[in-house]
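Written below as structure tokens is the structure these notes are about.
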Amino acid sequence: MIQIIYHFLVLYLTFHLIWFVIREKKFWNQLSGVIVLIMFLLRLLLIK
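Numbering-wise (our numbering), the sequence shown opens with residue -19 and increments by one.
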């Protein structure tokens, strides 16, 4: 049960990060968002 809630939370934050990267105009802010997004996607897929 806790793992399902955890996955939904990570998925929710991933969608917000994607939205942030799409809307952001500064390259370095986009790059930092993509780096965090990669970490969230790896965590979502349970790859450590």
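Idealized CB from N, CA, C, for every residue including glycine.
What do you get for residue i, buried or exposed, if any count of 16 or more other CB atoms within 10 angstroms of its CB means buried?
i: leucine -3; result: buried
Taking residue i as the reference, give the member of the options with the closest Cα.
i: leucine 17; options: Leu26, Ile(-18), Val1 and Ile(-16); result: Val1
Less than 7 Å separating the beta-carbons of residue i and residue j?
i: valine -10; j: leucine 11; result: no
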